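Novice:
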Amino acid sequence: MSVSDILETRSAFSFEVFPPKTDVGMEKLCGEGGVLDKLYTLNPDYISCTYGAGGTNVGKNLEVLKKIKADGKCIPVTHFTCIGNTKEGIKEQLQTYLDNGIDHMLALRGDLPFGWTGTGGDLHYATELVKFVRQEFGDKFTIAVAGSPEGHIACRSLEADIAFLKQKQDNGADYIMTQLCWDMDQFRYWLDAIRAAGVWLPVDVGIMPILDQAATINMALSRNGCVMPRELCEIISKNWIFPNPFEKEPFDANVEGKKASFKEAGIEYTIRQIDEYRACGINGIHLYALNKYDDVARIAKEAGLLDLI
Numbered sequence: 139m140s141v142s143d144i145l146e147t148r149s150a151f152s153f154e155v156f157p158p159k160t161d162v163g164m165e166k167l168c169g170e171g172g173v174l175d176k177l178y179t180l181n182p183d184y185i186s187c188t189y190g191a192g193g194t195n196v197g198k199n200l201e202v203l204k205k206i207k208a209d210g211k212c213i214p215v216t217h218f219t220c221i222g223n224t225k226e227g228i229k230e231q232l233q234t235y236l237d238n239g240i241d242h243m244l245a246l247r248g249d250l251p252f253g254w255t256g257t258g259g260d261l262h263y264a265t266e267l268v269k270f271v272r273q274e275f276g277d278k279f280t281i282a283v284a285g286s287p288e289g290h291i292a293c294r295s296l297e298a299d300i301a302f303l304k305q306k307q308d309n310g311a312d313y314i315m316t317q318l319c320w321d322m323d324q325f326r327y328w329l330d331a332i333r334a335a336g337v338w339l340p341v342d343v344g345i346m347p348i349l350d351q352a353a354t355i356n357m358a359l360s361r362n363g364c365v366m367p368r369e370l371c372e373i374i375s376k377n378w379i380f381p382n383p384f385e386k387e388p389f390d391a392n393v394e395g396k397k398a399s400f401k402e403a404g405i406e407y408t409i410r411q412i413d414e415y416r417a418c419g420i421n422g423i424h425l426y427a428l429n430k431y432d433d434v435a436r437i438a439k440e441a442g443l444l445d446l447i
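Read in order, the letters of the sequence shown correspond to residues 139 to 447 in my numbering.
1) Buried or exposed: where does Ala391 fall if 16 or more other Cβ atoms within 10 Å of its Cβ makes it buried?
2) Sorted by chain position, which residues of the same chain lie with C-beta nearer than 8 Å to Asp93's C-beta, five sequence neighbours on each side aside?
3) Quick one: complete alpha helix (DSSP H) runs, 4+ long, within the region 368-419?
4) Taking the beta strand (DSSP E) that Thr216 belongs to, which residues open and close that run?
5) Please give the ranges of any alpha helix (DSSP H) in the region 233-288, keeping only runs that are unbroken, at least 4 residues long and fully inside the region.
6) On the DSSP bridge list, what partners appear for Ile332?
7) For Ser142 versus Thr280, is the C-beta distance shorter than 7 Å?
8) Is the CB-CB distance between Gly395 and Leu349 below 7 Å?
9) In chain order, what residues of the same chain lie with their CB nearer than 7 Å to the CB of Arg433, ignoring the 5 residues before and after it?
10) Whole angstroms are fine: how far does the CA of Lys176 sit from the CA of Asn199?
11) Since Pro388 and Phe400 should fall inside the 8 Å C-beta cutoff, what is the C-beta to C-beta distance between them, to a whole number of angstroms?
12) Can you tell me whether Thr179 is buried or exposed? The criterion is at least 16 other CB atoms within 10 Å of its CB, across all chains shown.
13) If I follow the unbroken alpha helix (DSSP H) through Tyr178, where does it start and stop?
14) According to DSSP, which residues form a beta bridge with Met357?
15) Pull up the distance between the alpha-carbon of Thr219 and that of Lys225, whole angstroms please.
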C-alpha cells in the first residue's frame, strides 16, 4: 500500500529525519537500537529523509532510506530537489532510488543556497519536477508535493501559490505535505481556499516540535517567514535566555532552567496544535523527529497519534 492509499483510507502518522553529516550521527540514527529502531516502535506509516540543496549529502540520504527499506517497518520517502541538477542527473539519481526499492518522493525546488539567484539547473520549479518525473517514470513513484499555508516566501501572492499547487496536482502529484505553519486561522483559510480552487489531494500536515528557542525562531524566520502566534511568542519571551538564545555563552544565570521550562511549554503547545489540526479534518500528521526519539515519542503518545493505526 502506498502513502497516498493510506491517506485516502484513514489518518496517517509519520516522521521526518535528516541525514547526519558525521559517522557518529549516522550511528546514532541508523545503528542497532538507534533512533530509527526506536521510532519504529511507534508504528509510523512512513519516514521521510531530507535531501540537501543541489544533492548535497545525498549519499547519507540514500543510506538512511536503504536502512528504512531493509528494516521493512514502514515506507521510506525521499525528499528530492531540482536545484543544481540536469535532467539526466535527475533521471540517474531517481533510478538509483528505484533500484534500491525507494519509490516515494517529495518533489521540491529546494531552498536556494546562500548567494544563489536561480536553481542553476535544467528545472526551476517543483511543478516542472513533478511533470518531468511523471514523463520519465510514469507511475513508478508516489509523489508528494509541498503545500505552503502561508504562501511560499518567494511567491508573489498566496493566490498564485495555490495556483501552482493546483498545477502540481495536474502534473501528477499524489498528496500534499505542508510546510511549517503555526497560524491556525491561516491554515484553515488555506485549506478552504485550496479546496475551492479544485485541489483535492490529501493533506499531510508537517509539525515541528517546539523544543528549543533558537531553533524555533530560526525555522520561522530564516527560510519560511512564518507567523508566530502570540501564545508562542509569550512562551519564548517568558523563557528568554539573555542576551539572546543564539549566544553560545549567554550570561543568563538560569540558562538550563529556562531551557527546560521552554521545552515543557513547547511540547504542550505542540500537542494542542496537533489537536487543532486534526479537528480540521486533515489526512495525516507528519512529525519532524529532529533525529531524536524521547520528545517526539511523548508528543505522539500524549496527542493520541498512536491510536490512529
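Virtual Cβ for every residue (Gly too), placed ideally from N, Cα, C. Please read all numbers here as calculations on a predicted model, not as lab measurements.
Specialist: Concretely, from the data shown:
1) exposed
2) In this structure the chain extends from 139 to 447, so residue 93 is not present and cannot be described.
3) 368-376, 393-417
4) 213-219
5) 264-275
6) For Ile332, which the question treats as bridged, DSSP gives no partner whatsoever.
7) yes
8) no
9) With the sequence shown as reference, residue 433 is identified as Asp, and Arg is not the correct amino acid for it. For Asp433, the CB contacts under 7 Å within the same chain, skipping 5 residues up- and downstream, are Pro347, Leu349, Ile405 in chain order.
10) 19 Å
11) So it is not a contact: roughly 13 Å between Cβ atoms.
12) exposed
13) Note, Tyr178: alpha helix (DSSP H), 173-178.
14) Answer is none; Met357 lacks a bridge partner.
15) 12 Å
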